Amino acid sequence: MGAIKNLLQRLYPCGVCRTGTAVYLTFDDGPIPEVTPKVLEILARYNVKATFFMVGENIDKHPDIFAQVVAGGHTIANHTYNHMKGWNFRTKTYLANVEKWEEVVNRQPCAPVNRRKIFRPPYGRTWWWQRKALVNRGYTIYLWDVLTRDYNKSRTPEEMFDQIKRQTRPGSLINFHDSIKSNERMLEVLPKAIEWLQKEGYELAAL
Numbered sequence: 206m207g208a209i210k211n212l213l214q215r216l217y218p219c220g221v222c223r224t225g226t227a228v229y230l231t232f233d234d235g236p237i238p239e240v241t242p243k244v245l246e247i248l249a250r251y252n253v254k255a256t257f258f259m260v261g262e263n264i265d266k267h268p269d270i271f272a273q274v275v276a277g278g279h280t281i282a283n284h285t286y287n288h289m290k291g292w293n294f295r296t297k298t299y300l301a302n303v304e305k306w307e308e309v310v311n312r313q314p315c316a317p318v319n320r321r322k323i324f325r326p327p328y329g330r331t332w333w334w335q336r337k338a339l340v341n342r343g344y345t346i347y348l349w350d351v352l353t354r355d356y357n358k359s360r361t362p363e364e365m366f367d368q369i370k371r372q373t374r375p376g377s378l379i380n381f382h383d384s385i386k387s388n389e390r391m392l393e394v395l396p397k398a399i400e401w402l403q404k405e406g407y408e409l410a411a412l
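Letter by letter, the sequence shown follows residues 206 to 412 of the numbering used here.
1. Candidates G406, S377 and K370: which alpha carbon is nearest V394's?
2. Starting from F232, follow the beta strand (DSSP E) in both directions and report where the run begins and ends.
3. Short of 8 Å in beta carbon distance, which residues of its chain neighbour L300, apart from the five on each side in sequence? Order them along the chain.
4. Just how far apart, CA to CA, sit E400 and I385?
5. Can you round the beta-carbon distance between T256 and G291 to whole angstroms, since I take them to be within the 8 Å contact cut?
6. Using the C-alpha atoms, what's the distance from Q273 back to E246?
7. Measuring CB to CB, does L409 end up less than 9 Å from L230?
8. Using the DSSP secondary-structure output, state which residues sit across from R360 in a beta bridge.
9. Considering only their Cβ atoms, is the gap separating I264 from D383 smaller than 9 Å?
10. Determine contact between the stretch 307-319 and the stretch 343-354, defined as no fewer than three beta-carbon pairs at a distance below 8 Å.
11. Determine the burial state of D233: buried for a count of at least 16 other Cβ atoms within 10 Å of its Cβ, exposed for fewer.
12. Can the beta-carbon of H267 be found closer than 9 Å to that of R325?
13. Restricting to Cα atoms, I'd like to know which of A398, Y407, L378 and R250 is closest to T224.
14. Indicate whether K254 and T280 have their beta-carbon atoms separated by less than 9 Å.
15. From the DSSP output, in three-state form, read off Q313 for me.
16. Which residue spans inside the stretch 264-292 form an unbroken beta strand (DSSP E) run of at least 3?
17. Identify whether T345 lies in helix, strand or coil by the three-state DSSP scheme.
18. I'd like the list of long-range same chain contacts for A249, defined as Cβ closer than 8 Å, with 5 residues on each side in sequence excluded.
19. Exposed or buried, which one is Y251 when buried takes at least 16 other CB atoms within 10 Å?
20. In whole angstroms, what separates the C-alpha of P314 from that of G376?
21. From the DSSP secondary-structure annotation, give me the bridge partner or partners of A410.
22. How would you call G406, buried or exposed, if buried means at least 16 neighbouring beta carbons within 10 angstroms?
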């Protein structure tokens with residue numbers, strides 16, 4: 206049974222939802238000047254490193270904010286160039302958008318060398334053959350097991366914080382967004398979450 210499971214995972218890769226023993230704070234959709242620097246300030250205050258799944262178009266618009274994330278020692282990762290939902294595009298078009306992200310990052314003067322190829326599909330939505338093609342190109346696909354839904358205006362910060370406390374375990378990937386839609390709720394919850402995670406003894410790390 207184990208061999209069959211491993212074969213299926215190779216043929217139909219779905220992405221990593223938990224990994225290792227640390228807890229990983231991840232931020233999707235930046236970098237943007239209205240939110241990302243505030244996230245960086247909070248992370249620096251608690252001496253925490255995180256992973257930023259960036260949209261390439263935003264890197265093009267805000268290379269100075271990209272540089273701030275890199276200077277902070279955080280991991281940068283691919284979230285496509287145009288925040289593309291894989292279900293809506295042919296695989297060739299989707300992969301070209303992923304590669305366009307790489308081109309944008311590679312021309313940044315501060316781009317880290319020898320980067321791992323880390324990818325998160327926008328909305329988590331791709332066809333299995335798109336995921337397989339990404340894995341074949343050397344990407345590790347990271348999803349999440351704690352989705353804060355900070356972009357949802359009907360969610361309260363209290364609900365988000367309670368969810369983090371209930372669902373986090375060793376290896377969890379906690380999904381936040383450094384976006385305008387998530388701004389107020391995310392920035393209120395983030396320091397509370399970090400303080401609680403550190404108090405509980407979790408190691409907070411970047412991918």
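Using N, Cα and C, we set each Cβ at its ideal position, and we do this for glycine too. From a predicted model like this one, the values you see are computed outputs, not experimental measurements.
If we stick to the structure as given:
1. V394 has its Cα closest to that of K370, out of G406, S377 and K370.
2. Unbroken beta strand (DSSP E) run through F232: V228 to D233.
3. The beta carbon of L300 lies closer than 8 Å to those of Q335, A338, L339 and R342 in the same chain, with the five residues before and after it left out.
4. E400 and I385: Cα-Cα distance of roughly 24 Å.
5. About 20 Å; that fails the 8 Å criterion.
6. If I take the Cα positions, the gap works out to 10 Å.
7. Result yes, Cβ atoms of L409 and L230 sit closer than 9 Å.
8. Beta-bridge partners assigned by DSSP to R360: none are found.
9. No, they are not a contact pair.
10. No: the two stretches stay apart, fewer than three of their Cβ pairs being nearer than 8 Å.
11. Burial call: buried.
12. No, Cβ-Cβ distance for H267 and R325 is not below 9 Å.
13. When only C-alpha atoms are compared, the closest one is L378.
14. In this structure, T280 lies closer than 9 Å to K254 by Cβ.
15. DSSP places Q313 in coil when its eight states are reduced to three.
16. Segments of the beta strand (DSSP E) lying fully in the stretch 264-292: 280-283.
17. Strand.
18. Around A249: G277.
19. Exposed.
20. Linking P314 to G376 through their CA atoms gives a straight-line distance of about 33 Å.
21. A410 pairs with Y229.
22. In summary, G406 is exposed, with fewer than 16 beta-carbon neighbours lying within 10 Å of its beta-carbon over all protein chains present.
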